[in-house]
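Protein chains: 2
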Amino acid sequence: MNKKQKQIIDVAHKLFLEKGFGQTSIQDILDEAKIAKGTFYKYFKSKNECLIAILELVKQESDQKRNELLIGNRIDDEEVFADQISIRLATDKEYNILALFLTTSFMTDRELGTFMVNMHMSEVHWVSRRLIDIYGGEIKEIALDQAVIFLGILQHTLQVGKMASLDFPDKKAVQFALRQLKPIIREQYQKKDVLFPIHLIPFDEEDELETVQQLTEQVVNLLKKLLQQERTMEETELFEFLIAELKMEKPRILIIESIWRTLGQAAKQTKATDEYNELLQKLSYFITLTKKVKD
Amino acid sequence: MNKKQKQIIDVAHKLFLEKGFGQTSIQDILDEAKIAKGTFYKYFKSKNECLIAILELVKQESDQKRNELLIGNRIDDEEVFADQISIRLATDKEYNILALFLTTSFMTDRELGTFMVNMHMSEVHWVSRRLIDIYGGEIKEIALDQAVIFLGILQHTLQVGKMASLDFPDKKAVQFALRQLKPIIREQYQKKDVLFPIHLIPFDEEDELETVQQLTEQVVNLLKKLLQQERTMEETELFEFLIAELKMEKPRILIIESIWRTLGQAAKQTKATDEYNELLQKLSYFITLTKKVKD
DNA sequence: TCAATAATATACTCATGGTCTAAAAAATGC
DNA sequence: GCATTTTTTAGACCATGAGTATATTATTGA
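This is the structure in structure tokens:
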């Protein structure tokens, strides 16, 4: 990412938060960033594209934080899940992401619309996978339903809370929603009353839920793939070490964890590619899952 | 309501549905309605005010339908409740009402924003009152929470269903949400785990939940109040009869019901005042409640 | 140093919401 | 049926804001 581009994104980011997307004109951004119109349109085809760029960045950052939260904790710790949700909420709320989702149908702009839908669906899928982590594979069939229910309760609770000017902290709403979920899970699990069948979750993501072995293989493949691209010396070294370590009978999990942390730091500096982030995510999942299996 | 005004509203209504609010320009409305700009701005201060007018009309119509649904059925019939919800859903979805709610924070326009919030809060309150009808006064303390949860699940279920292009009928989503609610109610009722205290419901509405006696008194007062305004001969006659009947020891419920129906028909023709509609609503509630008490 | 690239300043188009005015058309009261 | 008032029209006009285009001035990298 270019320096000027980053500058524009930062300013736009700030202004969108302060005044809202609709209320911020491109001129405002130009003035605040002290750049010419041409520069803006050199980097972004439109205001909407600029928003998408910001949203992608924000998502990456919160994904990172979510992964960090997972390390060193049990995968089935509800408290960790609550924190992970809160992280996204903080930024989501600032951006009124939910508002944007639904304005989709208002917009002519198909780009932004589909982007929003994809982002939301990926969040729903993430939640359903985490619910399986927490409540076990037995709820697999109803996990999507539960994710939809959980996010629905959460979103509406926050919305009404805001409307009624009761400003309880986000996390209180998260925990409330989570508490409500439990009796539903018990009931729905018994009755097998499913609305959204699990097969709606894309296959490659579903595979992540499988065994450590499969996960190891995926990570190794990813590493090899990334090695074929241009990498710094440090990365090459770390990647090759990881591949070797993962191929061992009993990979030393604490060493892998520490490398993961290093890579995560590096990713923070430069805007990491999707594949790089996928690696980080899979790696952190591998770590937590391995720890769990050890128990 | 003026004839020209109605014409404008109808055209705007149609266009908003076809192309969406944001995508419909005032010029579009003018062209379609074959009107001059001045005429539009004679009746509506702005595009937003026009939307509000439409929304008010739509709400009135669906309130009416909801009331009609209640007559002749038990107040605690879940099926009736599901139908009542579906009614509003049909129109809400057309208008992307939920989208508008949330865009509130995008808008500079405070008017439209507060209007939306009020409309939504009144819906939440209505649902919580109906839940009390259905599950009994014992759940009074948790009724608001339940309404928030129910609407949250419902809204998100519909949203995800739309995004995933599974087009199940609205009513299926309503029944799904309602089924999920039951175990929550059981659990929450035992644990008294309340987030939104009942006192958030405005007092005058809360009173409606009280006894038939109180309700009778309220209806009589409303009738007297309305009689002091200008009324047609027919209305005066019906109103005075109702007052007399309600004061009797055992009001003949079927007669009252038939008068209610007549008044409802009349209200459909001319745009009824808020007070008139309140009367209709209270009356229908009186009828159903009385029937229930008889059991 | 020179050529390519990045950045600036500024003028322009176009769509849209909203205001204003003068004249034509309708409605209304006597 | 005529005069007055109200409604409606047509269209000019303004402001704002997104996005395009262009000519000019840095910056930079080989």
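Chains as they are written, first to last, in full-length UniProt numbering: chain A, 1 to 295; chain B, 1 to 295. A virtual CB, placed ideally from N, CA and C, is assigned to each residue, including glycine.
Proximity winner among A/160, A/32 and A/84, relative to residue 123 of chain A (alpha-carbon distances) = In the first sequence, residue 123 of chain A corresponds to position 123, counting from 1. Of the candidates A/160, A/32 and A/84, the one whose C-alpha sits nearest the C-alpha of residue 123 of chain A is A/84.
message = At a CB distance below 7 Å, what residues from the stretch 140 to 168 of chain B approach chain A? Give them in sequence order.
response = 148, 149, 151, 152, 153, 155, 156, 157, 160, 163 and 164
query = If you compare alpha carbons, which of B/279, B/56, B/154 and B/200 is closest to residue 166 of chain A?
reply = On the first sequence, residue 166 of chain A is found 166 positions in, with the first residue counted as 1. Closest by alpha carbon: B/200.
inquiry  = For a quick check, are the C-beta atoms of residue 242 of chain A and residue 168 of chain B less than 9 Å apart?
reply    = By 1-based counting over the first sequence, the position of residue 242 of chain A is 242. By 1-based counting over the second sequence, the position of residue 168 of chain B is 168. Contact: no.
query = How would you call residue 287 of chain B, buried or exposed, if buried means at least 16 neighbouring beta carbons within 10 angstroms?
reply = On the second sequence, residue 287 of chain B is found 287 positions in, with the first residue counted as 1. Its Cβ being crowded by 16 or more others within 10 Å, residue 287 of chain B is buried.
key: Inter-residue CB distance, residue 193 of chain A and residue 179 of chain B (contact presumed, cutoff 8 Å)   = Here the question's residue 193 of chain A lines up with position 193 in the first sequence. Here the question's residue 179 of chain B lines up with position 179 in the second sequence. With a Cβ gap of about 6 Å, residue 193 of chain A and residue 179 of chain B count as contacting.
query = Would a check of beta-carbon distances place residue 121 of chain B closer than 9 Å to chain A?
reply = Within the second sequence, the letter at position 121 stands for residue 121 of chain B. Yes, contact with chain A.
ask   = Smallest Cα separation from residue 255 of chain B: which of B/183, B/77, B/162 and B/71?
value = Locating residue 255 of chain B in the second sequence gives position 255, counting from the first residue. Closest option to residue 255 of chain B, Cα to Cα, is B/71.
task = Evaluate residue 47 of chain A with the Cβ neighbour count: other Cβ atoms within 10 Å of its Cβ, from every protein chain shown; 16 or more gives buried, anything less gives exposed.
result = Here the question's residue 47 of chain A lines up with position 47 in the first sequence. The residue in question, residue 47 of chain A, is buried, as its Cβ has 16 or more Cβ neighbours within 10 Å.
message = On the CB-based measure, 16 or more other CB atoms within 10 Å of its CB, does residue 67 of chain A come out buried or exposed?
response = For the purposes of this step, residue 67 of chain A is identified with residue 67 of the first sequence, where counting begins at 1. The residue is buried, with at least 16 neighbouring Cβ atoms inside 10 Å.
Contact check, residue 277 of chain B vs residue 266 of chain B, beta carbons under 9 Å = Locating residue 277 of chain B in the second sequence gives position 277, counting from the first residue. Locating residue 266 of chain B in the second sequence gives position 266, counting from the first residue. Contact: no.
query = Is residue 34 of chain A helix, strand or coil by DSSP?
reply = The residue given as residue 34 of chain A occupies position 34 in the first sequence. Coil at residue 34 of chain A, not helix or strand.
request  = Would you give the residue range spanned by the alpha helix (DSSP H) that residue 244 of chain B belongs to?
outcome  = The residue given as residue 244 of chain B occupies position 244 in the second sequence. Run containing residue 244 of chain B: 233 to 247, per the alpha helix (DSSP H) assignment.
ask   = Among residues of its own chain, excluding the 5 on either side of residue 284 of chain A, which ones have a beta-carbon nearer than 7 Å to its beta-carbon?
value = By one-based count along the first sequence, residue 284 of chain A stands at place 284. So the qualifying residues of the chain are 67, 70, 71 and 260.
task = Could you check the C-alpha separation between residue 43 of chain B and residue 60 of chain B for me, to the nearest Å?
result = In the second sequence, the residue the question calls residue 43 of chain B occupies position 43. In the second sequence, the residue the question calls residue 60 of chain B occupies position 60. If you take the alpha carbons of residue 43 of chain B and residue 60 of chain B, they lie about 20 Å apart.
query = What three-state label does DSSP hand residue 194 of chain A in the structure shown?
reply = Along the first sequence, one-based indexing puts residue 194 of chain A at 194. Note: residue 194 of chain A maps to coil in three-state DSSP.
query = alpha helix (DSSP H) containing residue 63 of chain A: first to last residue?
reply = As a first step, residue 63 of chain A must be located in the first sequence, where it is residue number 63. It spans 47 to 70 - the alpha helix (DSSP H) in which residue 63 of chain A sits, taken as one unbroken run.
request  = Take residue 253 of chain A and list the residues in its own chain whose beta-carbon comes closer than 7 Å to its own, dropping the five residues that flank it on each side.
outcome  = As a working note, residue 253 of chain A is residue 253 in the first sequence. Only 287, 290 and 291 meet the Cβ criterion.
ask   = Buried or exposed: where does residue 157 of chain A fall if 16 or more other Cβ atoms within 10 Å of its Cβ makes it buried?
value = Reading the first sequence from its first residue, position 157 is the one you call residue 157 of chain A. So residue 157 of chain A counts as buried.
task = Please state whether DSSP places residue 166 of chain A in a helix, a strand or coil.
result = On the first sequence, position 166 is the one that residue 166 of chain A refers to. Residue state, collapsed to three classes: coil.
ask   = Should residue 282 of chain A be labelled buried (16 or more other beta-carbon atoms within 10 Å of its own) or exposed?
value = As a first step, residue 282 of chain A must be located in the first sequence, where it is residue number 282. Residue 282 of chain A should be labelled buried.
query = Any Cβ of chain A within less than 9 Å of the Cβ of residue 176 of chain B?
reply = Translated into the one-based positions of the second sequence, residue 176 of chain B becomes position 176. Output row for residue 176 of chain B: interface = yes.
query = Run through DSSP, which three-state label would residue 251 of chain A get?
reply = Locating residue 251 of chain A in the first sequence gives position 251, counting from the first residue. Reduced to three states, the DSSP call for residue 251 of chain A is coil.
query = In chain B, which residues lie with their C-beta within 8 Å of the C-beta of residue 127 of chain A?
reply = By one-based count along the first sequence, residue 127 of chain A stands at place 127. Under the 8 Å cutoff, chain B gives no residues; its nearest Cβ is about 11 Å from residue 127 of chain A.
ask   = Nearest chain A C-beta to residue 196 of chain B closer than 9 Å, yes or no?
value = Numbered from 1 along the second sequence, position 196 holds the residue referred to as residue 196 of chain B. Yes, because at least one Cβ of chain A sits closer than 9 Å to the Cβ of residue 196 of chain B.
request  = Using a Cβ cut-off of 9 Å (strictly closer), state whether residue 27 of chain A contacts chain B.
outcome  = Numbered from its first residue, the first sequence carries residue 27 of chain A at position 27. So no, residue 27 of chain A is outside the interface.
Interface partners of residue 112 of chain A on chain B, CB under 9 Å = For the purposes of this step, residue 112 of chain A is taken as the residue at position 112 of the first sequence. The premise fails here: residue 112 of chain A is roughly 13 Å from chain B at the closest Cβ pair, so nothing lies under 9 Å.
request  = Check the Cβ of residue 130 of chain A against every Cβ in chain B and list those closer than 9 Å, keeping chain order.
outcome  = Taking the first residue of the first sequence as 1, we reach residue 130 of chain A at position 130. Neighbours of residue 130 of chain A on chain B: none; closest Cβ ~17 Å, over 9 Å.
task = Would you mind working out which of A/230, A/9 and A/191 sits nearest residue 56 of chain A, comparing C-alpha positions?
result = Within the first sequence, residue 56 of chain A is the residue found at index 56, counting from 1. Nearest C-alpha to residue 56 of chain A: A/9.
inquiry  = Quick check: what's the CA-CA separation for residue 34 of chain B versus residue 130 of chain A?
reply    = Reading the second sequence from its first residue, position 34 is the one you call residue 34 of chain B. Reading the first sequence from its first residue, position 130 is the one you call residue 130 of chain A. Going from the Cα of residue 34 of chain B to the Cα of residue 130 of chain A covers about 56 Å.
request  = Could you list which residues in chain A have their beta carbon closer than 7 Å to that of residue 193 of chain B, in chain order?
outcome  = Within the second sequence, the letter at position 193 stands for residue 193 of chain B. In chain order: 179.
query = Taking buried to mean at least 16 other C-beta atoms within 10 Å of its own C-beta, is residue 64 of chain B buried or exposed?
reply = In the second sequence, residue 64 of chain B corresponds to position 64, counting from 1. Buried, since its Cβ has 16 or more Cβ neighbours within 10 Å.
message = Restricting to Cα atoms, I'd like to know which of B/163, B/20, B/111 and B/183 is closest to residue 150 of chain B.
response = Numbered from 1 along the second sequence, position 150 holds the residue referred to as residue 150 of chain B. Here the closest residue by C-alpha is B/183.
request  = Would you mind stating whether residue 54 of chain B and residue 111 of chain B have Cβ atoms separated by less than 9 Å?
outcome  = Start at 1 with the first residue of the second sequence, and residue 54 of chain B comes out as number 54. Start at 1 with the first residue of the second sequence, and residue 111 of chain B comes out as number 111. The answer is no: Cβ separation not under 9 Å.
inquiry  = Going by DSSP in three states, residue 307 of chain B sits in which element: helix, strand or coil?
reply    = Any property of residue 307 of chain B remains undetermined from this structure, which presents chain B solely from 1 to 295.
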